[in-house]
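What follows is a single structure, written as structure tokens, with notes after it.
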Amino acid sequence: FTQQYQPAVCNSNPTPCKDPPDKLFTVHGLWPSDSNGNDPKYCKAPPYQTMKILEPHLVIIWPNVLNRNDHEVFWRKQWDKHGSCASSPIQNQTHYFDTVIKMYTTQKQNVSEILSKANIKPGRKSRRLVDIENAIRKVINNMTPKFKCQKNTRTSLTELVEVRL
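Note that my numbering gives residue 85 to position 85 of the sequence shown, counting from 1, and the numbers run on in steps of one.
Okay, structure coming up:
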């Protein structure tokens with residue numbers, strides 16, 4: 001379950017984001033792995049279908065950070081590339097997206113919320129990665145999150161871009 005910090009995504013992208021990012025972590029994707037730890041991609045599954053019923057939730061927790069006018073392209077890519085490989089225990093596309101909504105909103109896996117409760121707030125202040133890791137581990141049964149950091153193309157500072165739970 002991968003979440004991305006919107007400002008860092010925009011700062012590390014060569015093309016600027018079209019809209020100002022929110023200062024929070026939002027869903028990047030739910031990426032299944034097999035029993036060997038490999039991440040399968042582009043498996044056989046029914047093609048992506050528009051999900052008007054879930055869209056109000058997805059726009060908030062799973063926006064297309066780079067282009068907020070086209071969330072559907074981002075969701076389709078995530079389903080085609082990753083969701084299509086989640087056939088067990090995920091039953092279908094609706095179940096895949098609904099699972100993500102539940103993980104983010106009700107199962108205490110919202111990274112922004114976890115860090116806020118640990119008094120780790122976004123901003124220009126440097127943070128030790130171990131402090132962020134420890135705050136997250138406390139909430140997710142001591143499992144170790146994975147981090148992706150990248151250089152900000154404007155300041156050359158390294159920023160936390162993604163957290164994988």
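Ideal Cβ positions, reconstructed from N, Cα and C, are used throughout, including at glycine.
Below 8 Å CB to CB, which residues in the same chain sit around residue i once its five sequence neighbours on both sides are set aside?
i, result
"I136", "V111, I114, L115, P145, V163, L165"
"P40", "P32, S33, D34, C85"
"T50", "E72"
"M103", "F1, L30, Q109"
"D70", "N64"
Does the distance from the CB of residue i to the CB of residue j come in under 8 Å?
i, j, result
"Q4", "V65", "yes"
"K18", "R68", "yes"
"Y42", "K81", "yes"
"L58", "F97", "yes"
"Q78", "P46", "no"
"Q6", "P16", "no"
"K148", "V161", "yes"
Taking the beta carbon of residue i as the centre, do at least 16 other beta carbons fall within 10 Å, making it buried, or is it exposed?
i, result
"S126", "exposed"
"I53", "exposed"
By Cβ distance, which residues of its chain are closer than 7 Å to residue i, with the 5 residues on each side in sequence left out?
i, result
"N11", "N152, T153, R154, E159"
Check each candidate in the options and name the one with the smallest Cα separation from residue i.
i, options, result
"Q109", "N92, P7, I61, P46", "I61"
"S33", "I53, S84, K52, L24", "S84"
"T106", "T50, V139, P40, M51", "V139"
"H28", "E55, G37, A8, P63", "P63"
"I132", "N141, A118, M143, N142", "A118"
I'd like the list of long-range same chain contacts for residue i, defined as Cβ closer than 6 Å, with 5 residues on each side in sequence excluded.
i, result
"P122", "K23"
"Q150", "S12, V161"
Counting only runs that start and end within the segment 36-113, where is the alpha helix (DSSP H) found for 4 or more residues in a row?
Entirely contained in the segment 36-113, the alpha helix (DSSP H) runs reaching 4 residues are, in chain order, 55-61, 71-81, 93-105.
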